[in-house]
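Some notes on the structure that comes next.
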Amino acid sequence: MLRFYNSLTQKKEKFVPNEEGKVKLYTCGPTVYDTAHIGNFRTFLFEDFLKRVLIALGFEVFHIMNITDVDDKTIQKARDKQKSLSKITDHYTKIFKRDSAELKIIPADVYPAATKHIRGMINMIQKLMDKGHAYKTDDGSVFFSIESFKGYGSLTNINVSKMRQSKRVESDEYSLDNPRDFALWKAHKEEDIDVFWDSPWGRGRPGWHIECSAMSVEYLGNHFDIHCGGVDNKFPHHENEIAQSVCALGTPFVNYWLHAEYLLVNGGKMSKSLGNYYCLSDLYEKGFTTEEIRYILLSTHYRTKVDFRLDKQHEAKKVIQRIQELKSRLESISSSVSTGFPDETNSFNLALENDLDSPKAMSVFFDWIRKTNIKVDKNKLIAKKAAEGLNFIAYFDSIYGLLPKKESIPQDILDLVAEREEARRNGEWEKSDRLRNLIASEGWLVKDTPSGSKLSVK
Ligand code: AMP
Ligand code: ZN
């Protein structure tokens, strides 16, 4: 039974999609004012993990990830750099998609950009005004009245009447201690440079929160299955999305809200404003591989904070090597295909079905690796079991993506391996050993198996 911890009810709940076998998923995408850091990618990788698990369990997933290409931060960057908004946001959208692909994140079905959906936002704001949930201020801005919605605060458990210190807030982000009426439409100001659209309330631009409400309804309908983001999206962003969508559409909005915890650096949240961040390219420069980064970010449960340390690379390397080694050992025992799986696959699935318990699923898998290696050492693993084991590894990897895509082995290494095989055929053992050491010094391990030499990364 698949269960998720629903932030809305603060309980683990059985997952039942609105339509059998199909999942409609919305994940808040990047604000493209700068390069995403690996804290952002912790959340995006968790969403990728969720999606891979759903696919592995047989669901058809329709996934929307928006691109926030107009908000306070993107406009500020365009102003500071004296460039057009689209010049800035196109550039960082490209980098985001490149980094996501490098990290082997399965692309969303659609990446709607906020600036291409202004009409839908205006329509939704108009509905909120018509129903008495929103009001216009003298300057031509429109605010959502949190008093008008008695469910306001249900996601973050806040009691609005007790906490409110001032009536309205204009900026997109503000603190949980002071919930206020928030901007749906922001009247044009000089600091917004040339970023504005015409609306029934005059020139202006949307607030951040209405963007996700309008884009989700456009692609997924009023009422869909799962909405994700990082924990910092809970307030005010998701709380406000719920208020806008429920009040404008008059239907339930999202069934399951899933939030990933923070990635920390030295105990603090990794963020652009604190300057304590690594981007993907920083880690590649330090010699990390995609798979090592995936391992570090996925080996912790998504609702637990991850403290990112560079020295975790060592552990990641070892773990990935263990999988690769067992894979080549099994390949040398069986070259046939099987449809079966080891019994442990069941426990592995049970762990994932229990609110994506990645650490537990990994421990099942690595325990199986340990036991299987012992059987191989003792020559006790029959070909059928080896083939089943290869299926388990492939299944594991369809979810974790820890095996390097395809190691391209350099030609000079392949030439050395061929020369060594020739030496072995001729019984030139000393030469063969010398060549093995030479290959090892280039970072490759050569192993002799009944079906010939096998290479793996050292
Ligand atoms: P942004 O581009 O700022 O809208 O953030 C994109 C996503 O990254 C959002 O879902 C945030 O909640 C998430 N996020 C931001 N910082 C962190 C962090 N340090 N750890 C995990 N997720 C984060
Ligand atoms: Zn959003």
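Going by the numbering used here, the first residue of the sequence shown is number 30, and it counts up by one from there.
Glycine is no exception: its CB is placed at the ideal position from the N, C-alpha and C atoms.
It should be emphasised that the depicted structure is a prediction, and the values quoted were computed from it without experimental measurement.
Rounding to the nearest angstrom, what Cα-Cα distance links residue i and residue j in this structure?
{"i": "C257", "j": "I325", "result": "21 Å"}
{"i": "L339", "j": "K123", "result": "27 Å"}
{"i": "D201", "j": "L474", "result": "54 Å"}
{"i": "G296", "j": "Q111", "result": "36 Å"}
{"i": "D444", "j": "S470", "result": "15 Å"}
{"i": "T38", "j": "S302", "result": "31 Å"}
{"i": "V335", "j": "I403", "result": "32 Å"}
{"i": "P388", "j": "I352", "result": "16 Å"}
{"i": "L205", "j": "T185", "result": "8 Å"}
{"i": "E344", "j": "S328", "result": "11 Å"}
{"i": "K53", "j": "K434", "result": "28 Å"}
{"i": "N466", "j": "I442", "result": "12 Å"}
{"i": "C308", "j": "D159", "result": "44 Å"}
{"i": "K133", "j": "N251", "result": "31 Å"}
{"i": "R234", "j": "I151", "result": "9 Å"}
{"i": "G180", "j": "E219", "result": "36 Å"}
{"i": "I468", "j": "K263", "result": "52 Å"}
{"i": "L419", "j": "E360", "result": "8 Å"}
{"i": "K165", "j": "Q155", "result": "11 Å"}
{"i": "N207", "j": "N188", "result": "10 Å"}
{"i": "S427", "j": "I135", "result": "11 Å"}
{"i": "E382", "j": "W230", "result": "48 Å"}
{"i": "K315", "j": "F337", "result": "14 Å"}
{"i": "I117", "j": "V99", "result": "10 Å"}
Mind checking whether the beta-carbon of residue i lies closer than 7 Å to any heavy atom of the ligand ZN?
{"i": "N95", "result": "yes"}
What did DSSP end up calling residue i once you bin it into helix, strand or coil?
{"i": "L474", "result": "strand"}
{"i": "C276", "result": "helix"}
{"i": "S367", "result": "coil"}
{"i": "Y324", "result": "helix"}
{"i": "G296", "result": "coil"}
{"i": "M94", "result": "strand"}
{"i": "A212", "result": "strand"}
{"i": "C241", "result": "helix"}
{"i": "W226", "result": "strand"}
{"i": "T319", "result": "helix"}
{"i": "G258", "result": "strand"}
{"i": "N35", "result": "strand"}
{"i": "H288", "result": "strand"}
{"i": "Y424", "result": "helix"}
{"i": "H252", "result": "coil"}
{"i": "L74", "result": "helix"}
{"i": "E48", "result": "strand"}
{"i": "T64", "result": "coil"}
{"i": "D336", "result": "strand"}
{"i": "V246", "result": "helix"}
{"i": "K347", "result": "helix"}
{"i": "S357", "result": "helix"}
{"i": "L205", "result": "coil"}
{"i": "E457", "result": "coil"}
{"i": "K43", "result": "strand"}
{"i": "E89", "result": "strand"}
{"i": "K80", "result": "helix"}
{"i": "S485", "result": "strand"}
{"i": "T103", "result": "helix"}
{"i": "K53", "result": "strand"}
{"i": "P281", "result": "coil"}
{"i": "P235", "result": "strand"}
Would the beta-carbon of residue i be found less than 7 Å away from any heavy atom of the ligand AMP?
{"i": "Y502", "result": "Residue coverage of the chain in this structure runs from 30 to 487, which leaves residue 502 outside it and unanswerable."}
{"i": "K298", "result": "yes"}
{"i": "N375", "result": "no"}
{"i": "P59", "result": "yes"}
{"i": "R332", "result": "no"}
{"i": "T72", "result": "yes"}
{"i": "A65", "result": "yes"}
{"i": "D77", "result": "no"}
{"i": "D311", "result": "no"}
{"i": "D98", "result": "no"}
{"i": "N269", "result": "no"}
{"i": "G259", "result": "yes"}
{"i": "N295", "result": "no"}
{"i": "N420", "result": "no"}
{"i": "N69", "result": "yes"}
{"i": "N305", "result": "no"}
{"i": "N35", "result": "no"}
{"i": "N284", "result": "no"}
Beta carbon nearer than 5 Å to a non-hydrogen atom of the ligand ZN = C57, C241
Note to self: Restricting to runs no shorter than 4 residues, where is the alpha helix (DSSP H) found entirely within the region 359-419?
What the structure shows: 373-382, 387-406
Please go through the region 105-184 and give each complete beta strand (DSSP E) segment of 3 or more residues, from N-terminal end onward. 163-165, 171-173
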